[in-house]
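Residue numbers (the working numbering), protein chains in the order written: chain U, 2 to 366; chain D, 2 to 366. Idealized CB from N, CA, C, for every residue including glycine. Read the structure below first, then the notes.
2 protein chains.
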Amino acid sequence: MKTIHLDLGERGYPIFIGENLLDRRDLVAPCIRGHQVLVVSNETVAPLYLDPVLQAFDGYQCGTLVLPDGEQYKTLKTLNTIFDTLLELHFDRKCTLVALGGGVVGDITGFAAACYQRGVDFIQIPTTLLAQVDSSVGGKTGVNHPLGKNMIGAFHQPRCVIADIKVLDTLDDRQFSAGLAEVIKYGLIQDAEFFCWLEENMERLLARDTDALIHTVHRSCQDKADVVRADEKESGIRAILNMGHTFGHAIETGVGYGRWLHGEAVATGMLMAADLSHRLGWLSEKDIARIDNLIDKACLPTRAPADLQSDQFLELMAVDKKVSGGQIYLVLPRAIGESVVCADYDPAMLKQTLEAHLAVGSGVN
Amino acid sequence: MKTIHLDLGERGYPIFIGENLLDRRDLVAPCIRGHQVLVVSNETVAPLYLDPVLQAFDGYQCGTLVLPDGEQYKTLKTLNTIFDTLLELHFDRKCTLVALGGGVVGDITGFAAACYQRGVDFIQIPTTLLAQVDSSVGGKTGVNHPLGKNMIGAFHQPRCVIADIKVLDTLDDRQFSAGLAEVIKYGLIQDAEFFCWLEENMERLLARDTDALIHTVHRSCQDKADVVRADEKESGIRAILNMGHTFGHAIETGVGYGRWLHGEAVATGMLMAADLSHRLGWLSEKDIARIDNLIDKACLPTRAPADLQSDQFLELMAVDKKVSGGQIYLVLPRAIGESVVCADYDPAMLKQTLEAHLAVGSGVN
């Protein structure tokens with residue numbers, strides 16, 4: 002087992018990465034202050050992994066709540082079912098929530114923990130690659146609103162993260178690849194060495210080789226932890242983690258939630274960011290080809306959806322949070338392994354990027 | 002105008018107390034980072050004070066939202082109407098929310114600010130005495146849940162508080178008295194000198210004498226600021242601000258939200274706390290009489306509702322947040338001007354207190 006400590010002073014916490022960690026009482030016990038625990042999962046994950054997790058919490062007053070599975074349930078309404086359960090169980094301010102599932106379960110459970118009695122503890126047990134390498138680390142929690150993704154939420158750090166890579170065995174290939182998009186992102190934004198490693202080891206990763214997975218989750222969490230440590234609440238540098246996300250959110254919203262997975266949209270979004278970067282004279286054609294190849298190797302879409310127009314796309318991008326004073330801030334690669342947050346690009350070039358990508362379409366049907 | 006600075010490091014802010022402050026652009030401008038402002042008020046307050054407040058925000062992209070008036074609207078559903086408005090207006094992360102109203106508007110608007118895009122700025126312009134002396138200061142925000150008051154919320158400090166005592170002229174007598182309950186509370190828990198001042202000046206206060214009001218709001222905010230500075234997130238000493246509240250919440254819930262005002266319930270709750278304190282040998286009969294007299298002078302109920310039984314009352318108290326490990330923590334006066342958070346009292350004495358008060362009934366009909 003590898004451990005990363007995300008140092009955020011009194012809000013700091015360990016990230017445990019390894020095999021067969023779900024029932025490890027010794028990992029969770031130091032994180033629990035009271036005696037009440039609510040494990041929140043979803044209908045896909047619970048039948049597979051709820052039992053070993055409940056073993057880890059044996060001896061506590063332990064409730065469970067199984068949510069429906071899917072991004073469309075990441076709403077205030079579902080959030081309220083968690084509050085209902087906590088209040089029906091008379092859980093107090095020292096209770097602990099446990100998120101057992103992917104990004105949706107983690108985000109909504111974390112947000113419930115942020116708001117219940119103005120803040121209680123929570124533990125992340127991510128069961129998708131995307132959640133292990135990204136959403137479970139760093140304290141971003143929240144729900145969607147019909148008018149925008151993740152528009153309602155809080156920064157609320159977990160007390161620990163338990164990334165058991167054995168649970169990835171049951172993840173379907175499409176979800177696994179979606180997680181690889183965020184992995185590739187770390188290489189592209191700040192870790193050229195890791196990018197090279199991924200180019201050389203993508204086959205091992207797709208075969209779910211244990212050592213390759215542990216290295217990947219560890220390195221990704223380390224990369225993310227470095228950024229979060231420097232800028233917990235995203236007033237500056239943390240924004241680089243959004244590489245590909247502004248384009249990606251526009252894709253997800255434009256085609257309707259659920260048709261594209263988040264990671265798929267981010268993958269194509271990174272290629273759009275790379276394209277704009279190339280037009281700005283930063284990335285070479287060879288760099289673009291390397292990024293395109295790696296995304297393709299990871300079985301991720303390299304083409305935007307065909308059924309979106311560039312004007313509509315721009316409007317969707319502008320709804321995204323990463324807008325300030327009417328300008329769309331974008332994270333763009335300066336090179337492979339280096340990135341900048343940038344708003345002073347030529348809008349005509351962004352338009353060219355959109356038209357080039359939207360004309361070609363279509364990545365996911 | 003008097004100014005108190007609540008020193009919480011980067012989350013610190015000024016509290017302005019005086020006359021005719023609503024249209025003072027110079028007070029609000031330094032608190033606004035972006036150019037978008039949403040003023041949230043209610044249907045009672047907006048017709049009276051929205052116009053001058055909008056003058057203060059002249060030059061910004063300024064939206065307004067008028068909520069229905071009443072504690073029964075302090076819900077997740079109403080909260081979502083604020084998010085709807087913010088998203089329809091395409092407000093970004095640098096926008097500022099302004100709460101113009103009493104405690105309900107302040108709590109719900111502050112919570113919306115805490116959650117919108119994981120946290121935006123907000124300004125409190127409290128228009129009731131209770132909100133000016135208590136709820137607008139200290140960053141407690143939130144909404145109610147059918148199973149408990151203020152169970153969902155966040156600590157989110159405003160960027161400034163503007164307490165214009167002229168707006169209290171339009172407050173009805175019952176609401177005004179409800180605010181006095183929290184004022185008396187500061188005297189009882191930590192400020193014996195202020196308690197004496199209130200005993201001598203209650204008539205001037207009830208006549209809404211300007212100097213008496215400014216002194217009262219200033220002294221109350223100062224008392225509260227001292228406590229919040231020492232313990233922003235209520236991990237310890239801040240709990241003393243809840244004197245009378247655990248009893249009070251049980252009254253409010255027991256008779257049904259809205260029949261008793263919060264301040265009325267707190268007033269009677271303080272007398273119940275004082276009664277238990279007397280049984281524990283701390284307060285003298287003379288102290289009890291002074292507290293009873295002052296609450297009575299402030300036109301607040303000194304008797305609990307008649308239609309509650311002590312078992313039911315105990316159960317309602319146990320749902321309150323101030324419970325840990327099954328024990329009901331209570332804030333009890335050790336003397337007038339001194340209080341303790343206490344869980345090691347004899348439960349039989351609490352029962353005696355409840356029976357003594359519930360048998361006598363009935364404070365508000």
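- In the structure shown, D/Thr76 falls within a coil segment according to DSSP collapsed to helix, strand and coil.
- The Cβ atoms of D/Val144 and D/Leu77 lie closer than 7 Å to each other.
- Looking from the CA of U/Gly338, the closest CA among U/Ile289, U/Gln176, U/Ala47 belongs to U/Ile289.
- Excluding residues up to 5 positions away in sequence, Ile166 lie with their Cβ nearer than 6 Å to the Cβ of U/Leu214 in the same chain.
- Around the beta carbon of D/Asn21, fewer than 16 other beta carbons lie within 10 angstroms, which makes this residue exposed.
- DSSP places U/Leu90 outside both helix and strand once states are collapsed to three, so it counts as coil.
- Shown here, D/Gly282 sits in coil according to DSSP, grouped into three states, outside any helix or strand.
- The count of Cβ pairs closer than 8 Å, one atom from the segment 268 to 286 of chain D and one from the segment 344 to 364 of chain D, reaches three, so the stretches are in contact.
- Under the Cβ distance rule, D/Cys116 counts among the residues neighbouring chain U, one pair being separated by less than 7 Å.
- Looking from the CA of D/Ala349, the closest CA among D/Ser311, D/Val342, D/Ala336 belongs to D/Ser311.
- U/Lys167 sits in a helix when the DSSP states are folded into three classes.
- Contact between the segment 120 to 131 of chain U and the segment 93 to 106 of chain U is established, with three or more Cβ pairs separated by less than 8 Å.
- Here DSSP, grouped into helix, strand and coil, assigns U/His146 to strand.
- Scanning U/Arg94, U/Leu9, U/Asn43, U/Gly64 for the CA closest to the CA of U/Asp70 turns up U/Asn43.
- The shortest C-alpha to C-alpha distance from D/Gly103 to any of D/Ala115, D/Val162, D/Leu55, D/Ile153 is the one to D/Val162.
- When U/Ala193, U/Lys352, U/Gly139 are compared, the shortest CA-CA separation from U/Pro334 is found for U/Ala193.
- As a beta-bridge residue in DSSP terms, D/Ser340 pairs with D/Pro334.
- Listed along the chain, the chain U residues whose CB falls inside 7 Å of the CB of D/Asn81 are Leu77.
- Looking from the CA of D/Ala164, the closest CA among D/Ile296, D/Asn294, D/Val54 belongs to D/Val54.
- Residue state for D/Tyr346 is assigned as coil, using DSSP reduced to three classes.
- Residue U/Pro302 holds the alpha-carbon nearest to the alpha-carbon of U/Gly264 among U/Ile241, U/Arg280, U/Pro302, U/Gly60.
- Exclusion of the five residues before and after U/Ala336 leaves Ala193, Trp283, Leu284, Asp288 as the residues of its chain whose Cβ lies within less than 8 Å of its Cβ.
- By the criterion of a C-beta distance shorter than 8 Å, U/His279 is surrounded in its chain by Ser285, Glu286, Asp288, Ile289, once the five residues flanking it on both sides are discounted.
- Burial check for D/His157: the Cβ neighbour count within 10 Å reaches 16 or more, so the residue is buried.
- In the displayed model, D/Thr129 falls within coil according to three-state DSSP, outside both helix and strand.
- By the C-beta density criterion, D/Glu253 is buried, having at least 16 other C-beta atoms within 10 angstroms.
- For D/Cys222, the enclosing alpha helix (DSSP H) has its first and last residue at 211 to 231.
- In the DSSP annotation of this structure, the continuous segment of the beta strand (DSSP E) that includes U/Ile16 starts and ends at 14 to 19.
- The alpha carbon of D/Ser137 has as its nearest neighbour, out of D/Ser221, D/Leu80, D/Lys352, the alpha carbon of D/Ser221.
- Residue environment: U/Ser178 is assigned as buried (16 or more neighbouring CB atoms within 10 Å of its CB, all protein chains considered).
- If you compare the alpha carbons of D/Leu90, D/Arg25, D/Gly120, D/Ile83 with that of U/Ser236, the shortest gap goes to D/Gly120.
- Judged by beta-carbon spacing, D/Gly255 lies beyond the 7 Å limit of D/Leu331, meaning their Cβ atoms are not closer than that value.
- The beta carbon of U/Phe84 falls within 7 Å of a beta carbon belonging to chain D, placing the residue at that interface.
- Between U/Phe248 and U/Pro306, the alpha-carbon positions lie close to 12 Å from each other.
- Between the segment 172 to 191 of chain U and the segment 16 to 32 of chain U, the count of Cβ pairs shorter than 8 Å is below three; the stretches do not touch.
- No Cβ of chain D is located within less than 7 Å of the beta carbon of U/His250.
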